[in-house]
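Novice: Heads up, the sequence shown is in the numbering used here, so the first residue is 12 and it goes up one at a time. I'd like to ask some things about the structure below.
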Amino acid sequence: MTCYLCGQPIADDAPFYNDHGQQVCKPCFLEAKRCFICRFPGRKVQEVPGLGGECEFCRGNVVAEGSPVLEALQPLQPFLERFGSWPALPPRFAWVDRLELRAMQTQADLPPDQFMDDFLRFCYPVYYQAGTYHLLRRMAKPTFAVHAIIQLASAQVAQRFDLAHLGGNTPFHTMARGFCHWLGYQAAGLLKYDVEKRQLRKWPELGAQGDFARWELSAQHMPPAKVVAQFRAELGPAARKYLPQRAP
Ligand SMILES: [Zn+2]
Ligand SMILES: [Zn+2]
Numbered sequence: 012m013t014c015y016l017c018g019q020p021i022a023d024d025a026p027f028y029n030d031h032g033q034q035v036c037k038p039c040f041l042e043a044k045r046c047f048i049c050r051f052p053g054r055k056v057q058e059v060p061g062l063g064g065e066c067e068f069c070r071g072n073v074v075a076e077g078s079p080v081l082e083a084l085q086p087l088q089p090f091l092e093r094f095g096s097w098p099a100l101p102p103r104f105a106w107v108d109r110l111e112l113r114a115m116q117t118q119a120d121l122p123p124d125q126f127m128d129d130f131l132r133f134c135y136p137v138y139y140q141a142g143t144y145h146l147l148r149r150m151a152k153p154t155f156a157v158h159a160i161i162q163l164a165s166a167q168v169a170q171r172f173d174l175a176h177l178g179g180n181t182p183f184h185t186m187a188r189g190f191c192h193w194l195g196y197q198a199a200g201l202l203k204y205d206v207e208k209r210q211l212r213k214w215p216e217l218g219a220q221g222d223f224a225r226w227e228l229s230a231q232h233m234p235p236a237k238v239v240a241q242f243r244a245e246l247g248p249a250a251r252k253y254l255p256q257r258a259p
């Protein structure tokens, strides 16, 4: 086994890092600049302003600033229509810096995020606010897909009740947010995105995923269509109760 970075042999009993079908020896691993998205210590890690390093394996295999986002969304449309509907307004997109995107979602004093996992632990990499989908400058395609679904669903709810976004702590907000999160989780399962499914089960922390646990529990003993019907039945009454000035 040879180290991908220094080309030296790695002894059988020596620790090494393994990803993208490549092995990296421990000394190189400790020194190299690493990719923000996948943590790999690549040969050609380039700095993406407002994000972090990007390795040669992730480059070209991500939804990145400037990519045709609408095209990337099209395959998700049938899924979303099965579970709800496509948002009425034509989507607007803005690529934003990691810290700015974090600040939109939480004011908590968080540890600095070195890698994508650290970011996802507390924040969504796609976030709908005031008619615009705010996007992290780079993300893996499966990450984009599941989070786009969560935010497209959030946008529908927000638009219907004339809210700028679904952040908020009333039972209406946590119920609606939890359902949208569950939709993304459901999509991750259907698309066989196991990593994303595991991430969505536990993250984001600090209440961002709302009452996800409740919807996930419902889905264990009723078919998805019934979970959706239940959400629709509860949404209007919850809005009248908790957003009296907003409910149509
Ligand atoms: Zn090495
Ligand atoms: Zn990478």
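For glycine and all other residues, C-beta sits at the position ideal for the given N, C-alpha and C. Keep in mind that this is a model prediction, so the values were computed, not measured.
1) Pull every residue with its beta-carbon under 7 Å away from any heavy atom of ligand 2, and keep them in chain order.
2) Got a sec, what are the start and stop residues for the alpha helix (DSSP H) MET115 sits in?
3) GLY77: buried (16+ other C-beta within 10 angstroms of its C-beta) or exposed?
4) If you compare alpha carbons, which of PHE40, PHE104, ASP128 is closest to TYR15?
5) What are the partner residues of CYS36, as DSSP defines its beta bridges?
6) So ALA151 is in the alpha helix (DSSP H); what residue range does that whole segment cover?
7) With a threshold of 6 Å on Cβ separation, who are the neighbours of LEU110 within its own chain once the five nearest residues in sequence on each side are excluded?
8) How many angstroms separate the CA atom of ALA105 from the CA atom of MET233?
9) Kindly examine ligand 1 and report whether one of its heavy atoms sits closer than 8 Å to the Cβ of VAL35.
10) Between GLY189, ILE161, GLY53, which lies nearest to GLU67 when the distance is taken from Cα to Cα?
11) Between the segment 193–201 and the segment 87–97, do at least 3 Cβ pairs fall closer than 8 Å?
12) What's the gap between the Cα of GLN34 and the Cα of THR13?
13) If you scan the segment 153–201 from start to end, which runs of the alpha helix (DSSP H) of 4 or more residues do you find wholly inside it?
14) Would you mind sorting VAL59 into buried or exposed? The rule is 16 or more other CB atoms within 10 Å of its CB.
15) In the DSSP assignment, find the unbroken beta strand (DSSP E) run with GLU58 in it and report its ends.
16) Does the Cβ of ASP173 have 16 or more other Cβ atoms within 10 Å, making it buried, or fewer, making it exposed?
17) Beta-carbon within less than 7 Å of GLU65's beta-carbon, same chain only, minus the 5 sequence neighbours each way: which residues are those?
18) What did DSSP end up calling GLN140 once you bin it into helix, strand or coil?
19) In or out: ARG251 buried (at least 16 other Cβ within 10 Å) or exposed?
20) Answer yes or no: do ARG243 and GLN220 have a C-beta to C-beta separation smaller than 9 Å?
21) In whole angstroms, what is the alpha-carbon distance linking TRP214 and VAL168?
Specialist: Well, looking at it:
1) CYS46, ILE48, CYS49, PHE51, GLY53, GLU65, CYS66, PHE68, CYS69
2) For the purposes of this step, residue 115 is taken as residue 104 along the sequence shown, with counting starting at 1. Element bounds for MET115: 109–116.
3) The count along the sequence shown starts at 1 and reaches residue 77 at position 66. Flag for GLY77 reads exposed.
4) Position 4 of the sequence shown, counted from the first residue, corresponds to residue 15. Closest option to TYR15, Cα to Cα, is PHE40.
5) Counted from its first residue, the sequence shown places residue 36 at position 25. In DSSP, CYS36 forms a bridge with PHE27.
6) On the sequence shown, residue 151 is found 140 positions in, with the first residue counted as 1. Per DSSP, ALA151 belongs to no alpha helix (DSSP H); it is in the beta strand (DSSP E), 149–151.
7) The residue labelled residue 110 in the question sits at position 99 within the sequence shown. Correct list: empty, nothing qualifies.
8) Position 94 of the sequence shown holds residue 105. Position 222 of the sequence shown holds residue 233. Their backbone Cα atoms lie some 37 Å apart in a straight line.
9) Within the sequence shown, the letter at position 24 stands for residue 35. For ligand 1, at least one heavy atom lies less than 8 Å from the Cβ of VAL35.
10) Locating residue 67 in the sequence shown gives position 56, counting from the first residue. Per the Cα distances, GLY53.
11) Counting Cβ pairs under 8 Å, three or more are found: they touch.
12) By 1-based counting over the sequence shown, the position of residue 34 is 23. By 1-based counting over the sequence shown, the position of residue 13 is 2. Straight-line Cα distance between these residues: approximately 7 Å.
13) 182–201
14) Locating residue 59 in the sequence shown gives position 48, where the first residue counts as 1. VAL59 should be labelled buried.
15) Numbered from 1 along the sequence shown, position 47 holds the residue referred to as residue 58. Per DSSP, GLU58 belongs to the beta strand (DSSP E) from 57–59.
16) By 1-based counting over the sequence shown, the position of residue 173 is 162. It is exposed - the Cβ of ASP173 has fewer than 16 other Cβ atoms within 10 Å.
17) In the sequence shown, the residue the question calls residue 65 occupies position 54. Closer than 7 Å at Cβ, skipping near neighbours: CYS46, PHE47, ILE48, VAL56, GLN57, VAL59, ARG149.
18) Start at 1 with the first residue of the sequence shown, and residue 140 comes out as number 129. Strand, per DSSP.
19) Along the sequence shown, one-based indexing puts residue 251 at 240. ARG251 comes out exposed.
20) Counted from its first residue, the sequence shown places residue 243 at position 232. Counted from its first residue, the sequence shown places residue 220 at position 209. Contact: no.
21) Indexing the sequence shown from 1 puts residue 214 at position 203. Indexing the sequence shown from 1 puts residue 168 at position 157. The alpha-carbon atoms of TRP214 and VAL168 are separated by roughly 21 Å.
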